[in-house]
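Q:
Residue numbers (UniProt numbering): 1 to 151.
(1) Do residue 102 and residue 139 come within 7 Å of each other at the CB atom, strictly closer than that value?
(2) Can you give the Cα-Cα distance for residue 73 and residue 97, rounded to whole angstroms?
(3) Between the C-alpha atoms of residue 148 and residue 105, what's the straight-line distance to the nearest angstrom?
(4) Using a Cβ-Cβ cutoff of less than 8 Å, which residues in the same chain neighbour residue 12 once the five nearest sequence positions on both sides are dropped?
(5) Just confirm the distance between the C-beta atoms of residue 65 and residue 58, as a whole number of angstroms; I'd bet it's less than 8 Å.
(6) Do you know offhand how far residue 130's Cα is from residue 123's?
(7) Enumerate, from N- to C-terminal direction, the unbroken alpha helix (DSSP H) stretches of 4 or more residues contained entirely within the segment 56-102.
(8) Ends of the alpha helix (DSSP H) at residue 32?
(9) Using DSSP with H/G/I as helix, E/B as strand and the rest coil, what is residue 8?
(10) Roughly how far, in whole angstroms, is the beta-carbon of residue 125 from the beta-carbon of residue 15, given that I think they are within contact range, below 8 Å?
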């Protein structure tokens, strides 16, 4: 058994113990790609474009209530009358800007990916976090690195 397969199996077991279905599905998909011999063809593409695909899928999920009619202009206007909605609005802007830096960091410094992925695995498996951590984590790391460079 080679190193990557062993590492993935350990991650699967961690996902199983932590009852984290997302981690288990992700590992299972990667193991299947490796087992059917398509890793050289598919894994580089997944690595290169997967974050953008994931962001697109998350965006579709977020916009689905608009498509179903559950959220419309009336609900948007009503929500903006609350202080909490304005906090949510500003938080959304902030996180999107932070994530933009994360995309830059992950594309320019792939070595950061290992630490970010490990941090995400810890958060997902031990604290029941959600695996959007690498992108936001990379964005925060990018912001901090830029601040350190500045000073």
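All C-beta atoms in this analysis are idealised placements derived from N, C-alpha and C, irrespective of residue type, glycine included.
A: Concretely, from the data shown:
(1) yes
(2) 25 Å
(3) 15 Å
(4) 23, 24, 27, 28, 31
(5) The pair is not a contact, with the Cβ atoms about 14 Å apart (cut-off 8 Å).
(6) 8 Å
(7) 73-79
(8) 21-35
(9) helix
(10) 6 Å
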